[in-house]
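Encoded as structure tokens, the structure appears first; notes follow it.
In my numbering, the protein residues as written are -1 to 78.
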């Protein structure tokens, strides 16, 4: 195999991986970043906990929580 053919076939193989959708390469458990909800809550009282209702919490990824009252924050941590 000549060097030129080797480089061409390698480039085509790499281009094939970039053309394929990610869910085909990684399987059925892949969630695209545009399909995922990242959530940060400021104020973990009753309204903040309501935000994490079970039907919403399945689709959301809680990445941050903040409250000036430590007992409210601890209650939120117990839910998550």
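No residue lacks a Cβ here, since even glycine has one placed at the ideal position from N, Cα and C.
Would the C-beta of residue 76 count as close to the ligand GTP, meaning under 7 Å from any of its heavy atoms?
The model on display carries no ligand, and the ligand GTP is accordingly not part of it.
Which value, in whole angstroms, describes the spacing of the CA atoms of residue 8 and residue 68?
Translated into the one-based positions of the chain shown, residue 8 becomes position 10. Translated into the one-based positions of the chain shown, residue 68 becomes position 70. Straight-line Cα distance between these residues: approximately 57 Å.
Apply the 10 Å Cβ neighbour rule to residue 43 and answer buried if 16 or more other Cβ atoms are within range, or exposed otherwise.
For this step, residue 43 is matched to residue 45 along the chain shown. So residue 43 counts as exposed.
Could you check what DSSP says for residue 58 in three-state terms: helix, strand or coil?
Counting from one through the chain shown, the residue named residue 58 turns up at place 60. Here residue 58 sits in strand by DSSP.
Report all residues from its chain with a CB closer than 7 Å to the CB of residue 70; omit the five preceding and five following residues, and keep chain order.
Counting from one through the chain shown, the residue named residue 70 turns up at place 72. Closer than 7 Å at the Cβ level, and outside the excluded window around residue 70, lie 42, 43.
Here's a check: name, in chain order, each residue in its chain whose Cβ is nearer than 7 Å to the Cβ of residue 49, leaving out the five neighbours to either side.
As a position in the chain shown, residue 49 is number 51, starting the count at 1. Excluding positions up to five away in sequence, the list reads 39.
Between the Cα of residue 31 and the Cα atoms of 45, 10, 5, 59, which residue gives the shortest distance?
The count along the chain shown starts at 1 and reaches residue 31 at position 33. The shortest Cα separation from residue 31 among 45, 10, 5, 59 belongs to 59.
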